[in-house]
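One structure is given here, and the rest of the page talks about it.
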């Protein structure tokens with residue numbers, strides 16, 4: 001079982017390696033407490049767009065406040081929707097382009113696979129993007 005500090009390091013390492021361009025669009029599915037967006041925030045800048053989605057309006061409100069109080073300002077979009085019901089066709093994106101698709105925990109691997117397939121089908125994802133899904137046990 002991996003602790004939060006190890007998981008945080010893994011997310012930071014992944015973003016540090018790909019932190020080469022600006023104006024990126026990052027979609028975090030199932031944002032929850034904002035662990036992933038807050039962890040990678042030091043690699044983002046004002047030209048980036050961060051889209052956070054979660055079923056809980058309360059969680060999204062907390063994450064939005066945390067991110068807006070950070071040292072940087074970037075475009076932040078909030079989508080209140082359950083991960084499995086996320087309508088990728090209706091997400092307001094420039095050219096439907098998402099550079100990085102993130103999902104921290106997947107309770108059901110089949111559901112996670114379906115979410116990823118829907119995203120790939122409906123979004124303009126780069127061939128060498130970061131698609132990071134971690135299952136319930138963080139493996």
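In UniProt numbering, the protein residues as written are 1 to 139.
Ideal Cβ positions, reconstructed from N, Cα and C, are used throughout, including at glycine.
Note that the structure is predicted; figures quoted are calculated from it, not measured.
Q) What are the uninterrupted segments assigned as beta strand (DSSP E) that are 3 or more residues long and contained completely in the stretch 6-41, given in chain order? A) Within the stretch 6-41, complete beta strand (DSSP E) segments of at least 3 residues are found at 25-29, given in chain order.
Q) Taking DSSP as the reference, what is the three-state secondary structure of residue 47? A) Coil, per DSSP.
Q) Got a sec, what are the start and stop residues for the alpha helix (DSSP H) residue 116 sits in? A) Under the DSSP assignment, residue 116 falls in the alpha helix (DSSP H) whose first and last residues are 109-122.
(Q) If I measure Cβ to Cβ from residue 39 and keep anything under 7 Å in the same chain, skipping five residues before and after, which residues do I get? (A) Apart from the 5 residues on each side of it in sequence, residue 39 sits with its Cβ closer than 7 Å to the Cβ of 8, 11, 12 in its chain, given in chain order.
Q) Using a Cβ-Cβ cut-off of 8 Å (strictly less than) and excluding sequence neighbours within five positions of residue 92, which residues of its own chain qualify? A) Cβ neighbours of residue 92 within its own chain (closer than 8 Å, five residues either side excluded): 77.
Q | Distance between residue 41 and residue 24 (C-alpha atoms, nearest Å) | A | Between residue 24 and residue 41, the alpha-carbon positions lie close to 13 Å from each other.
Q | Sequence-distant residues of its chain with Cβ nearer than 7 Å to residue 111 (five each side left out) | A | 84, listed in sequence order.
Q. From residue 21 to residue 53, what does the alpha carbon distance come to, in whole angstroms?
A. Straight-line Cα distance between these residues: approximately 23 Å.
Q) Among 99, 18, 117, 32, which one has its Cα closest to the Cα of residue 49? A) The shortest C-alpha to C-alpha distance from residue 49 to any of 99, 18, 117, 32 is the one to 99.
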